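Just below is one structure, and these are the notes that go with it.
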Amino acid sequence: MQPPLSLSGRPALEVALATARGAGELVKGRFHTAKEVSYKDNASLVTDVDLLAERFIRDALASEFPDISYLGEELGATGNPGGLRWIVDPVDGTRNYAANVPHFAVSIALAYGPDVLLGVTHDPMRDETFQAAKGQGAFLNGRPVSVSRRASVAQCIVGFDIGGMDARALSALKMVQSLWPGMQSMRVMGSSCLGLAYAAAGRVDIYFHHTLAPWDVAAGLVMVEEAGGQVVDRKSRGPASLDSTGLVASSPQLLQEFLRLTREQEWYTVQ
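Here is the structure:
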């Protein structure tokens, strides 16, 4: 499906890019200020800036596309999830943001039912914008990007995140330990949206994470695929989707080797 034009006649990707950058300026402008931090029921953080940024995004998108449904991390869902739907994370990497660590992103995707049509991940502190649209390739600040071309896991930088400290987190650490020293290095990213964007751009060769929601993965799914990569679901090891709560992303070649090397790890099955 082709995304519709906005009320002002602009393509959906153009609106998403402008909105992500606008929200990024808002978030960046408050980076060095005192933030009001609260905790959700799942113990994850939210700041007043998360809420401010999401209201900005929701209002900007609604003004151009009033008939498109919406799903955001902080403000919830409206409309029909089976039709066109914006999927938004206003500040992915809130723990970093709250601690004044400059590694976080604004993420906006447009999906039609289960299919992600386009995605934007904007890093306001580095002024880097990753974007992709189905069938049109993946780009970083307007330049094409592709997943890693490394030949083996032994040559790789592996990026990952562990979420809260639970059985899945411990199993993720064990899986990384099982590969060491059989890889070049590892990175805890602190932002799944940037982790997937970095995988799409070949900055990390492999990225994996669990405890994910649709707004964590939506933009990254189309980005990695348009960059020539694959994303697989943690449990089924088939293609990942918006419903995937855990995933692995890389080039097809590296992904197969990674899955083979780690196939006995409990990370794939732990609840």
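Heads up: the sequence shown at position 244 corresponds to 244 in our numbering, and the numbers run straight through without jumps. Here a beta-carbon is modelled for each residue, glycine too, at the ideal position from N, C-alpha and C. This one's a predicted model, so the numbers in the text were calculated from it and none came from an experiment.
Check	Outcome
C-beta contact flag for Ser107 and Asp127 at 7 Å	no
Beta-carbon contacts of Met274 that lie in its chain and below 8 Å, excluding the five residues immediately before and after	Here the chain has residues from 1 to 271 only, and residue 274 is not among them.
CB of Leu110 within 7 Å of CB of Glu74, strictly	no
Neighbourhood of Glu54 by C-beta, 6 Å cutoff - its chain only, sequence neighbours within 5 removed	Gly72, Glu74, Leu75 and Pro90
The region 231-242 contacting the region 172-183, beta-carbon criterion three pairs below 8 Å	no
Closest by C-alpha distance to Leu247, when choosing among Ser44, Ser148 and Thr211	Thr211
Inter-residue Cα distance where the pair is Pro3 and Leu196	23 Å
Asn128, DSSP secondary structure in three states	Per the sequence shown, the amino acid found at residue 128 is Glu instead of Asn. If DSSP states are grouped into helix, strand and coil, Glu128 belongs with the strands.
Same chain, Cβ closer than 8 Å to Met223, neighbours up to 5 away in sequence not counted	Gly119, Thr121, Phe130, Gln131, Ala132, Ala138, Leu196, Ala197 and Ala200
Sub-7 Å separation of Trp86 and Ser171 beta-carbons	no
Continuous alpha helix (DSSP H) assignments of at least 4 residues falling wholly in the region 60-115	94-98
Ala167 vs Val270 beta-carbon contact at 7 Å	yes
Pro239, DSSP secondary structure in three states	strand
Gly229 to Gln256 span [Cα, whole Å]	11 Å
Contacts around Ala16, its chain only, beta-carbon distance under 6 Å, and the 5 residues preceding and following it disregarded	Ile108 and Val120
Helix, strand or coil at Gly190 according to DSSP, with G and I counted as helix	coil
For Asp233, the first and last residue of its enclosing beta strand (DSSP E)	Gln230 to Asp233
Inter-residue Cα distance where the pair is Gly142 and Val46	31 Å
Buried versus exposed call for Pro214 [16 or more other C-beta atoms within 10 Å across all chains shown]	buried
Asp59 versus Gln253: straight-line alpha-carbon distance, rounded	42 Å
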